[in-house]
Amino acid sequence: MKLFVASLFSLCIGCAYQAANREPQVRIVVDVSVSQAALPAWLAYAGTRSRWMTQTYQEQNAGAGPYQYTFAEEAAARSACARVWLELREFHKAKPDVYLDQLIEVFKSGYIPEYTWVYLRDPRWVQPASLRLPEFEAWRRTNLRDHKTETRARAEFE
């Protein structure tokens, strides 16, 4: 929970800084079906995306022009979601959530980049050379049978 609180605090500071400097504003929208237990994980996902939209994209792509949704952003957001859910499940005994519990397994196995590419790929993304797709394919056949992706929060420009 400390990680979540620290992340949320830094996100709030970032939002206050943006408001003072008239940067583009981002709104976080969470699906009404998200349980109270799962809310911190989905806020971590959307908060990470928000930070990418307003800061990280420009830091990593100086001179690239306006923000664009990237593979690295989605992978970072899924990792943040998994880390927070892992902490909630292990230390706070949150009730099971089928999707988030499967995402934890992907995270612990080190396959978030491959998962992001296979399940969430945007047609504008360029495939990273470092992906271990054959290994992930073998792993997912056993560990992600009948898996359905979920995105229950989003960050969007206002």
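Note that numbering that gives the first Met the number 0 has the sequence shown beginning at 0, numbered continuously upward. We put the beta carbon where it would ideally sit given N, CA and C, even for glycine.
* **alpha helix (DSSP H) runs wholly inside the region 97-154, at least 4 long, in chain order** => Whole alpha helix (DSSP H) segments, 4+ residues: 97-107, 111-119, 132-142.
* Supposed contact pair T53 and V25 - C-beta distance, whole angstroms, cut 8 Å -> V25 to T53, Cβ: 6 Å. Contact.
* Roughly how many angstroms lie between the CA atoms of S78 and L99, to the nearest whole one? -> Taking C-alpha positions only, S78 is separated from L99 by approximately 11 Å.
* A63 to A37, Cα distance in whole Å? -> Taking the straight line joining both Cα atoms gives about 35 Å.
* Asked: Which whole-angstrom value describes the C-beta separation of F106 and L130, a residue pair presumed to lie in contact below a C-beta threshold of 8 Å?
  -> That belief does not hold up - the Cβ atoms of F106 and L130 are roughly 16 Å apart, past 8 Å.
* **T141 versus Q101, A40, H91, residue with shortest Cα-Cα distance** => Looking at Q101, A40, H91, the one whose alpha-carbon comes closest to that of T141 is Q101.
* To do: Check whether the region 112-125 touches the region 69-77, counting contact only when three or more Cβ pairs, one atom from each stretch, lie closer than 8 Å.
  => Yes, the region 112-125 touches the region 69-77.
* Asked: Going by beta carbon distance, what residues of the same chain come within less than 6 Å of E73, once the five residues before and after it are set aside?
  -> Excluding sequence neighbours, E73 sits near T115, L119.
* To do: Quick one: grab the DSSP three-state call for V83.
  => V83: helix per DSSP, three-state reduction.
* Asked: According to DSSP, which residues form a beta bridge with F156?
  -> DSSP lists V25 as the bridge partner or partners of F156.
* Cutoff 7 Å; reference L143; Cβ partners in own chain excluding five residues on either side -> Result list for L143: Q101, in chain order.
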